[in-house]
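Numbering (the working numbering), first residue to last: 18 to 338. Idealized CB from N, CA, C, for every residue including glycine.
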Ligand code: FES
């Protein structure tokens, strides 16, 4: 555990949907957790080699407890399977300090949320905040089927508490003959609103297409694991200019795997392209960007990259390491 990690115990685990559990943590000494705004996530340090980012289900304004939600990915490489199968109430692990790549514009006149599956988690924290502050919101929540949608009761209760200030539209694919949620139609009905999306990649792509013409400060997107199927294709030469090393990234490896294996000092945290900790300057070559941090313009410049998840489009990549 590092100095900045917070020792916690698992206080409670709850079934939230077919493949989703929520996990409540409590600090070991009862001290307050750092504050976290709606949309924030923490890294859960499950053991020495296993660290994953999960969104908080509510903001942290004080107190010793916080809760994340974890969807068991069918192709889990260890993180979500570990949470579902091994982690149990009473276990002692550690959390990072919260970070937020998906902040809420809390004072907006109108806020429209599109959530898919486990993507509801950071949005739930936002809905709680807006409801408590008497701000209006509209949620469109898509899941493959009713039983796969987490937090249905909480969302229904929040909408009731918000009265006429909130509306919820559920979209269960199997009850719609397999039709997907119509994001352009939702957004077209709300010109001027702040719009948010968190969900699976096809939903995010549809959302980004539908919002391409909107002012960027009104468009908010969270990618959980842009790198889940990360740059594992490898097969390129990696030159570290400052260290004077030339390494090979083999198929199946990330750049970060190779750096760690060769004891090259590098900062990292989420290992999923979501936090920005591993950002590294590119001196030569064309990265294959797979993170959720860089903008399109930043990607096009090819002068920086997230080494935990991104690969290379060129045979040789020279980094400032
Ligand atoms: S470690 Fe988080 S973006 Fe690379």
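- The beta carbon of residue 288 sits closer than 6 Å to at least one heavy atom of ligand 1.
- Relative to ligand 1, residue 294 has its C-beta within less than 6 Å of a heavy atom.
- Relative to ligand 1, even the nearest heavy atom lies 6 Å or more away from the CB of residue 119.
- Considering only 296, 272 and 277, the residue with the shortest C-alpha distance to residue 330 is 272.
- Between residue 294 and residue 324, the C-beta spacing is not below 7 Å.
- Taken in chain order, the whole beta strand (DSSP E) runs of length 3 or more contained in the segment 102-150 are 109-112 and 128-133.
- The alpha-carbon of residue 52 is positioned some 33 Å away from that of residue 320.
- Selection 47, 44, 35 and 137 evaluated against residue 101 yields 35 as nearest (Cα-Cα).
- Take the alpha-carbon of residue 291 and the one of residue 228: they are about 21 Å apart.
- By the beta-carbon neighbour count (other beta carbons within 10 angstroms, threshold 16), residue 48 is exposed.
- For the 7 Å CB-CB criterion, residue 133 and residue 220 form a contact.
- Inter-residue distance for residue 234 and residue 160 is about 27 Å (C-alpha atoms, whole angstroms).
- Under DSSP, the beta-bridge partners assigned to residue 253 are 266.
- Inter-segment contact for the segment 97-111 and the segment 181-191 is absent: fewer than three beta-carbon pairs are separated by less than 8 Å.
- For residue 207, the CB contacts under 8 Å within the same chain, skipping 5 residues up- and downstream, are 127, 129 and 155 in chain order.
- In the structure shown, residue 305 falls within a strand segment according to DSSP collapsed to helix, strand and coil.
- Here DSSP, grouped into helix, strand and coil, assigns residue 281 to coil.
- Ranking 82, 80, 75 and 87 by CA distance to the CA of residue 69 puts 87 first.
- With a threshold of 16 other beta carbon atoms within 10 Å, residue 279 falls short and is exposed.
- A direct Cα-Cα distance of roughly 5 Å separates residue 108 from residue 27.
- For residue 252, the closest C-alpha among the options 265, 259, 217 and 240 is that of 265.
- Per DSSP, residue 225 is one residue of the alpha helix (DSSP H) stretching across 218-227.
- Checking the 6 Å criterion, the Cβ of residue 322 is out of range of every heavy atom belonging to ligand 1.
- When the Cα atoms are used, residue 152 and residue 262 turn out to be separated by approximately 55 Å.
- Collapsing the DSSP output to three states places residue 199 in coil.
- For residue 175, the closest C-alpha among the options 77, 149, 305 and 236 is that of 149.
- About 5 Å separates the beta carbon of residue 162 from that of residue 189, a gap short enough to meet the 8 Å contact definition.
- With a cut-off of 6 Å, the C-beta of residue 253 is classified as distant from ligand 1, since no heavy atom of the ligand falls inside that distance.
- Here residue 25 carries a strand assignment [DSSP, helix/strand/coil].
- At least one heavy atom of ligand 1 is found less than 6 Å from the C-beta of residue 325.
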